[in-house]
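Novice: My structure is below; once you've seen it, I'll send some questions.
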Amino acid sequence: MDRDDNSGFESGTRPAEGRDRVQKPNQNDLLEGTIMKLSTTCLALFLLAASLAARGDNALPDYPAVKITDRVWVIHGPRELPNPENKGFMNNPAFVVTSDGVAVIDPGSTLETGRMVLRQIRKVTEKPVTHVFASHIHGDHWLGNQAIREIYPAAKFFAHPVMIEQAHAGQAESWVEMMLRLTEGASKGTEAVIPDQVLEDGQEIRVGDVTFRIYLSDWAHTKTDAMVEVVEDSLLATGDNALYQRIGRMDDASFRGNIAACRQALDLKMKHYIPGHGDSGGPEVIEPFCNYLEVLYAKVAELYEEGLSDFEMKDTVVESLSAYKEWSGFSDEVGRHISLAVLEIEQAEFE
Ligand SMILES: [Zn+2]
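Okay, so the sequence shown: first residue is 7 according to the working numbering, each after it adds one.
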């Protein structure tokens, strides 16, 4: 350590050039300093305002994108239903980085959800989004399309033909309104960008070095479900045909069709599954949901044969489903599921 360095530790005894300047500033210094401070503050305010404007008033916080394979990431959304806190975000948007561009599966529930998804994509790649798949008609999965159209007007939006039909027939508007109501206005500004590329069952879509294989159902979780396989990565995005530790609405569903689609997903023996809601993982994340639907439907059918009404059979059915009682939505939905299963069993007698 030389003398100069050492003197640096003795500030108390040094002739205080700096201190003098602080204590007795001349007018010019003072003015300059004030302008500097003001312009720094202005710049900071300007940058803050610009970033808020870019994100909008109701911007979502960034949710982490989890890397599932070399090419596929998923952003696991909150498990609650749309509300003012989650601003409507509740699904599992996924994105696949191909050699030619990015494909997104289910970009989320609102304009801001879609923007948040794009921010996470930007952290991984600069490639443009070229393809967007909607798993089904429920707006929590696809209203984020708007954010992608906004930045990538050339991107193609794909869906089941009946999804496109239902969206144009009023479902798109209903979902926009429902989101606005449930989030108490946090989804404001969201508009439906309805897909216009019609998917076919068994279709393969090649994007760069990746093959997307499509599985459509006539009637499973809805009449509009498309599951998307990323062939090279042995990965399937099931949409709401399978959920993890969550039971959802079955109002648009067929129990038998949903069970068939869930089993079809398992029979593909993929290494990776991304369910519509809840954690991703191997087959173990979707099998319990297939089992839940099977146990419920079989038990309801059995008690229906014995002449019990939905009300009379409820306790027994719930007991047979005790393995699932901790799942999110269970106590809210199970009664409704039993009633819907009874209706389907009655209908089935006429088939
Ligand atoms: Zn759904």
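Cβ atoms here follow ideal geometry from the backbone N, Cα and C, with glycine treated the same way.
Near T189, which residues of its chain fall below 6 angstroms by C-beta distance, leaving aside the five closest residues on each side in sequence?
Specialist: For the purposes of this step, residue 189 is taken as residue 183 along the sequence shown, with counting starting at 1. Cβ neighbours of T189 beyond the five flanking positions: P88, P90, K93, G94.
Novice: Grab me the residues of S105's own chain with a C-beta within less than 7 angstroms of its C-beta, minus the 5 sequence neighbours each way, in chain order.
Specialist: Residue numbering aside, residue 105 sits at position 99 when the sequence shown is read from its first letter. Hits under 7 angstroms: G214, D215.
Novice: To the nearest angstrom, report how far apart L299 and N264 are at their CA atoms.
Specialist: Position 293 of the sequence shown, counting from 1, holds the residue named residue 299. Position 258 of the sequence shown, counting from 1, holds the residue named residue 264. Their backbone Cα atoms lie some 8 angstroms apart in a straight line.
Novice: So T244 packs on G282, CB below 8 angstroms; how close in whole Å?
Specialist: Taking the first residue of the sequence shown as position 1, residue 244 is located at position 238. Taking the first residue of the sequence shown as position 1, residue 282 is located at position 276. That belief holds up - the Cβ atoms of T244 and G282 are roughly 6 angstroms apart, short of 8 angstroms.
Novice: Report the three-state DSSP secondary structure of E339 (helix, strand or coil).
Specialist: Counted from its first residue, the sequence shown places residue 339 at position 333. In this structure, E339 counts as helix in the three-state DSSP scheme.
Novice: Examine the Cβ distances between the segment 135-142 and the segment 226-239 and report whether three or more of them are shorter than 8 angstroms.
Specialist: They touch, by the three-pair rule.
Novice: Any chance the CB of H343 is under 7 angstroms from a heavy atom of ligand 1?
Specialist: For the purposes of this step, residue 343 is taken as residue 337 along the sequence shown, with counting starting at 1. No, since every heavy atom of ligand 1 falls outside the 7 angstroms radius drawn around the Cβ of H343.
Novice: Quick one: what does DSSP say L302 is sitting in, helix, strand or coil?
Specialist: Here residue 302 refers to the residue found at position 296 of the sequence shown. Three-state DSSP puts L302 in a helix.
Novice: I need the straight-line Cα distance from T75 to D239, nearest angstrom please.
Specialist: What you label residue 75 is simply residue 69 of the sequence shown in a count that begins at 1. What you label residue 239 is simply residue 233 of the sequence shown in a count that begins at 1. Rounded to the nearest angstrom, the two C-alpha atoms are 7 angstroms apart.
Novice: Return the CA-CA distance between V72 and A109, expressed in angstroms with no decimal places.
Specialist: Here residue 72 is taken as the residue at index 66 of the sequence shown, counted from 1. Here residue 109 is taken as the residue at index 103 of the sequence shown, counted from 1. Taking the straight line joining both Cα atoms gives about 16 angstroms.
Novice: In this structure, does DSSP put M233 in helix, strand or coil?
Specialist: Position 227 of the sequence shown, counted from the start, is the residue given in the question as residue 233. Correct three-state label for M233: strand.
Novice: Please classify A175 as buried or exposed, where buried requires at least 16 neighbouring CB atoms within 10 angstroms.
Specialist: Within the sequence shown, the letter at position 169 stands for residue 175. A175 is exposed by the Cβ-count criterion.
Novice: Considering only the alpha carbon of each residue, which of M96, E86, F101 lies closest to T131?
Specialist: In the sequence shown, residue 131 corresponds to position 125, counting from 1. Nearest C-alpha to T131: F101.
Novice: DSSP puts F101 in a beta bridge; with which residues?
Specialist: Against the sequence shown, residue 101 aligns to sequence position 95. DSSP lists W79, V110 as partners of F101.
Novice: Just to confirm the assignment, what range does the beta strand (DSSP E) spanning P281 have?
Specialist: Residue numbering aside, residue 281 sits at position 275 when the sequence shown is read from its first letter. Run containing P281: 278-281, per the beta strand (DSSP E) assignment.
Novice: Closer than 6 angstroms by C-beta to D258: which residues in its own chain qualify, once you throw out the five before and the five after it? Chain order, please.
Specialist: Mapped onto the sequence shown, residue 258 falls at position 252. T228, listed in sequence order.
Novice: So R219 and V204 are supposed to be a Cβ contact under 8 angstroms. How far apart are they, rounded?
Specialist: Taking the first residue of the sequence shown as 1, we reach residue 219 at position 213. Taking the first residue of the sequence shown as 1, we reach residue 204 at position 198. At roughly 16 angstroms, the Cβ-Cβ gap does not stay under 8 angstroms, so R219 and V204 are not in contact.
Novice: Report buried or exposed for L349, applying the criterion of at least 16 other Cβ atoms within 10 angstroms of its Cβ.
Specialist: One-based indexing of the sequence shown puts residue 349 at position 343. When all chains shown are included, L349 counts as exposed.
Novice: Can you list, in chain order, every residue whose CB sits closer than 5 angstroms to a heavy atom of ligand 1?
Specialist: Taking each Cβ in turn, the ones that pass are H144, D246.
Novice: Tell me the DSSP secondary structure of S57 in three-state form.
Specialist: Within the sequence shown, the letter at position 51 stands for residue 57. Unreliable placement is indicated for S57, whose pLDDT of 48 sits below 50; no coordinate value is reported for it.
Novice: Let's see if you can read the secondary structure: which residues bound the alpha helix (DSSP H) around I157?
Specialist: Here residue 157 corresponds to residue number 151 of the sequence shown, with the count starting at 1. Per DSSP, I157 belongs to the alpha helix (DSSP H) from 151-157.
Novice: E156 to A266, Cα distance in whole Å?
Specialist: As a working mapping, residue 156 is identified with position 150 in the sequence shown. As a working mapping, residue 266 is identified with position 260 in the sequence shown. Their backbone Cα atoms lie some 37 angstroms apart in a straight line.
Novice: Who are the Cβ neighbours of R77 in its own chain at under 8 angstroms, not counting the five residues just before and after it?
Specialist: Within the sequence shown, the letter at position 71 stands for residue 77. Excluding sequence neighbours, R77 sits near V102, V103, T104, V216, V236, E238, D239.
Novice: Taking I280 and L241 to be in contact with their CB atoms under 8 angstroms, please state how far apart those CB atoms are, rounded to whole angstroms.
Specialist: Taking the first residue of the sequence shown as 1, we reach residue 280 at position 274. Taking the first residue of the sequence shown as 1, we reach residue 241 at position 235. Sure, about 7 angstroms apart at Cβ, within 8 angstroms.
Novice: Within its chain, find whatever has a CB closer than 8 angstroms to the CB of A307; leave out the 5 residues flanking it on each side and keep chain order.
Specialist: Residue 307 sits at position 301 when you count from the first residue of the sequence shown. So the list reads A347, I351, once near-sequence residues are dropped.
Novice: CA-CA distance, G288 and P294?
Specialist: For this step, residue 288 is matched to residue 282 along the sequence shown. For this step, residue 294 is matched to residue 288 along the sequence shown. About 12 angstroms.
Novice: Under three-state DSSP, which class holds G313?
Specialist: Residue mapping note: residue 313 aligns to position 307 of the sequence shown, counting from 1. Coil at G313, not helix or strand.
Novice: What number of angstroms, rounded off, separates the C-alpha of A248 from the C-alpha of I127?
Specialist: Taking the first residue of the sequence shown as position 1, residue 248 is located at position 242. Taking the first residue of the sequence shown as position 1, residue 127 is located at position 121. C-alpha separation (whole angstroms): 25 angstroms.
Novice: Excluding the 5 residues preceding and the 5 following E325 in the sequence, name in chain order all residues of the same chain whose CB lies nearer than 7 angstroms to its CB.
Specialist: The residue you call residue 325 lines up with position 319 of the sequence shown. Same-chain partners within the cutoff: there are none.
Novice: Leaving out the 5 sequence neighbours to the left and right, which residues in its chain are closer than 7 angstroms to G341 when beta-carbon positions are compared?
Specialist: Counted from its first residue, the sequence shown places residue 341 at position 335. Cβ neighbours of G341 beyond the five flanking positions: K320.
Novice: Check each candidate in I292, M256, Q251, S286 and name the one with the smallest Cα separation from Q270.
Specialist: As a first step, residue 270 must be located in the sequence shown, where it is residue number 264. Per the Cα distances, I292.
Novice: Do G114 and G120 have their C-beta atoms closer together than 8 angstroms?
Specialist: Within the sequence shown, residue 114 is the residue found at index 108, counting from 1. Within the sequence shown, residue 120 is the residue found at index 114, counting from 1. It is a contact, given that the beta carbons lie within the stated cut-off.
Novice: Give me the Cα-Cα distance between S193 and D63, rounded to the nearest whole angstrom.
Specialist: The residue you call residue 193 lines up with position 187 of the sequence shown. The residue you call residue 63 lines up with position 57 of the sequence shown. Cα to Cα, S193 sits roughly 10 angstroms from D63.
Novice: Starting from L241, follow the alpha helix (DSSP H) in both directions and report where the run begins and ends.
Specialist: Translated into positions along the sequence shown, residue 241 becomes position 235. Element bounds for L241: not the alpha helix (DSSP H) but the beta strand (DSSP E), 241-245.
Novice: Hey, quick one: how far does the beta strand (DSSP E) through T189 stretch, first residue to last?
Specialist: Within the sequence shown, residue 189 is the residue found at index 183, counting from 1. Segment: none, T189 is in no beta strand (DSSP E) and carries neither H nor E.
Novice: Cβ of G150 within 8 angstroms of Cβ of M185?
Specialist: Reading the sequence shown from its first residue, position 144 is the one you call residue 150. Reading the sequence shown from its first residue, position 179 is the one you call residue 185. Cβ atoms of G150 and M185: not closer than 8 angstroms.
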